[in-house]
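Here the sequence shown is numbered in our numbering, starting from 0 and rising by one per residue.
C-beta: ideal position from N, C-alpha, C; glycine also.
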Amino acid sequence: MLVRSLHADLTQIKTDVVIVNLFEGVTVPGGATGAVDRATGGMIRRLISLESFEGKLGEHLSFYTEKLGPQGASQITKVVVMGLGPKDEFDIDGVRRVAAASIKAARSTGAKRIATIVHGGGIGGLDPSQAAEALVEGALLGAYRFSRYKSESPQADDPEELILVENESSKLPALDAGIARGQIFAESTNWARDLVNTPPNDLSPAQLAEAARALGEEVGLSCTVLDAEEMRRLGMGGLLAIAQGSVNAPRLILLEYTPKQVDPSSKECLALVGKGVTFDSGGLSIKSADGMTAMKNDMAGAAAVLGAMRAIARIGAEVRVIGVIPAVENMPSGASYRPGDVLRTMSGKTIEVLNTDAEGRIILADAVSYALSQGATAVVDIATLTGACEIALGNVFTGLISNNDSFYQRFMEAAEQTGERFWRFPTHPEYKEQYKSDVADIKNVGGRSGGAITGGLIIGEFAGATPWIHLDIAATATRGKSHHYDPKGATGVGVRTLTQLATTLKSGSIEAFTAQP
Ligand code: BES
Ligand code: ZN
Ligand code: ZN
0 MLVRSLHADL
10 TQIKTDVVIV
20 NLFEGVTVPG
30 GATGAVDRAT
40 GGMIRRLISL
50 ESFEGKLGEH
60 LSFYTEKLGP
70 QGASQITKVV
80 VMGLGPKDEF
90 DIDGVRRVAA
100 ASIKAARSTG
110 AKRIATIVHG
120 GGIGGLDPSQ
130 AAEALVEGAL
140 LGAYRFSRYK
150 SESPQADDPE
160 ELILVENESS
170 KLPALDAGIA
180 RGQIFAESTN
190 WARDLVNTPP
200 NDLSPAQLAE
210 AARALGEEVG
220 LSCTVLDAEE
230 MRRLGMGGLL
240 AIAQGSVNAP
250 RLILLEYTPK
260 QVDPSSKECL
270 ALVGKGVTFD
280 SGGLSIKSAD
290 GMTAMKNDMA
300 GAAAVLGAMR
310 AIARIGAEVR
320 VIGVIPAVEN
330 MPSGASYRPG
340 DVLRTMSGKT
350 IEVLNTDAEG
360 RIILADAVSY
370 ALSQGATAVV
380 DIATLTGACE
390 IALGNVFTGL
400 ISNNDSFYQR
410 FMEAAEQTGE
420 RFWRFPTHPE
430 YKEQYKSDVA
440 DIKNVGGRSG
450 GAITGGLIIG
460 EFAGATPWIH
470 LDIAATATRG
480 KSHHYDPKGA
490 TGVGVRTLTQ
500 LATTLKSGSI
510 EAFTAQP
């Protein structure tokens, strides 16, 4: 879908659909909605009372008219009036939701050209650039469908053009800047969604690495892929153990973004580390049939890192950013790692395996060590790590663990901008006692109680004192049914917040985290 701005009078342009809006309780529309109402002989006012339209967020009404468009064009235009809810509650995330709902309403009529006002940009009082960005994000995220494996693609009736119409010419540069950012954020999220939705027979670790390499070439990131032999040389006994049960060999993927104007004395480097289990059967501690059906999604952390790296390359950042992905398939076989095995990781720490289904923390242990060896001075890991996270937070918040308050605060500022929700777990040292081992430095499971916390803390053991954030997206990486601008299936959670974080870090801010934890 092409997205652009247009300096015009909404009532005078040629389109299939015109999208306007109303705050809750408004019966006499103003602004652009008022202009459309007057041009159509008061249709909006009439329908508000006929259909008892309240203007709640998500509610909409629509009608067809011949009274809009260029003089004498005699075209039929569909008008969609989107409810925005109460004016004092409307915010940037409301713009995303309304945009997603309106694109779906417009698409259902087979519209090719859609014109919209920028929700919240006028009477709503939101910053026009931010509102335009959120509108484009919501529209592109909301329009997402995955149909690569359908013989008949529903994508055929996708709209071709989304036009943001603004009659104040001074606002156009701000709109254009917002549109550009919104497109990058949404397209990178949709790119990640595609990868997560791809079935495991078409996405082995090698194929995931291939996707990363192609991405690197497309957006200009350097990409290095390690094979099992190189992992052995580096002593990655954790990653290799998980991989050994599968006929599909592992890969370790490194993507690197180097700032255009790099300060050569700066050692700052943000690492994004994503769990890339292309299929998680549980290994010898095999999952139930039901527990396994969604396990092609166990590389959603990897997809989020790749999607973010894509967006970071496009937007640019002040600090060096690396993406690290341990890619493996966790399978049962005669060659599998076993409960009872003791693994020696790259860090030198040993892990006793008590459950082969707790594989994510083991591969992330080696991946975090590798990130540090590549110069990372701050680390965010993102993983579909534990079923326990859904028990703790449901699918409304992603679980978060951090060893550094300043880094955590900086991350939450980024999340505030994107609308993605994160909730920090406590990390009292007492939790660490749960994963002490009799035979090794630690064991890979800390028991059922507080499972999301102990799982995350085990990864943190390998970050040491480096500022670190862990994101458990087990419950938020996919949805059972579509919700606002999330589709059914992969959500692409994390892409936007990781991008926002990386692209707003100033040179010097990572060093400041270390100085005052
Ligand atoms: N990939 C799973 C976690 C998961 C579960 C993600 C459900 C998405 C939905 C992970 O590797 C796993 O199996 N974790 C175990 C850990 C346990 C054995 C300590 C779990 O959550 O049961
Ligand atoms: Zn598992
Ligand atoms: Zn897993």
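Provide the residue span of the alpha helix (DSSP H) that contains residue i, from first to last.
i: E186; result: L171 to N196
i: K103; result: I91 to R106
i: Y369; result: G359 to S372
i: D289; result: A288 to M291
i: P127; result: P127 to G141
DSSP state of residue i, grouped into three classes?
i: T496; result: helix
i: S4; result: strand
i: P516; result: The pLDDT assigned to P516 is 46, lower than 50, so where the model puts this residue is not dependable, and the model offers no usable value.
i: V395; result: coil
i: R337; result: coil
i: E317; result: coil
i: N402; result: coil
i: L161; result: strand
i: G322; result: strand
i: P204; result: helix
i: I509; result: helix
i: S346; result: coil
i: S150; result: coil
i: L504; result: coil
i: G386; result: helix
i: R144; result: coil
i: E88; result: helix
i: P28; result: coil
i: D297; result: helix
i: D156; result: helix
i: G124; result: coil
i: T10; result: helix
i: G119; result: coil
i: I285; result: coil
i: G109; result: coil
Start and end of the beta strand (DSSP E) containing residue i?
i: A382; result: A377 to A382
i: A114; result: R112 to T115
Based on the DSSP output, what are the partners of residue i in its beta bridges?
i: N329; result: D279
i: N20; result: M81
i: E351; result: V341 and K442
Would you mind stating whether residue i and residue j have Cβ atoms separated by less than 9 Å?
i: E255; j: V304; result: no
i: Y430; j: L456; result: yes
i: V17; j: K77; result: yes
i: L233; j: L220; result: no
i: L271; j: V323; result: yes
i: R343; j: G236; result: yes
i: A130; j: A185; result: no
i: P325; j: A375; result: no
i: T64; j: R44; result: no
i: A474; j: E389; result: yes
i: G300; j: I381; result: yes
i: F396; j: F410; result: no
i: T453; j: G463; result: no
i: V532; j: K295; result: The structure shown does not extend to residue 532, since the chain is modelled only from 0 through 516, so no value can be given for it.
i: S372; j: P331; result: no
i: H405; j: P466; result: Per the sequence shown, the amino acid found at residue 405 is Ser instead of His. Yes.
i: L399; j: I468; result: yes
i: G275; j: A191; result: no
i: M0; j: E159; result: yes
Next on the checklist: Runs of 3 residues minimum, wholly inside the segment 208–280: which ones carry the beta strand (DSSP E) assignment?
Outcome noted: List check, beta strand (DSSP E) in window: 221–225, 250–256, 268–273 and 275–279.
Item to check | 4-residue-minimum alpha helix (DSSP H) runs that sit fully inside the segment 410–495, ordered along the chain | outcome: Runs of the alpha helix (DSSP H) inside the segment 410–495: 450–459.
Next on the checklist: Give the list of continuous alpha helix (DSSP H) stretches no shorter than 4 residues that lie fully inside the segment 34–80.
Outcome noted: DSSP runs (the alpha helix (DSSP H)) wholly in the segment 34–80: 42–49.
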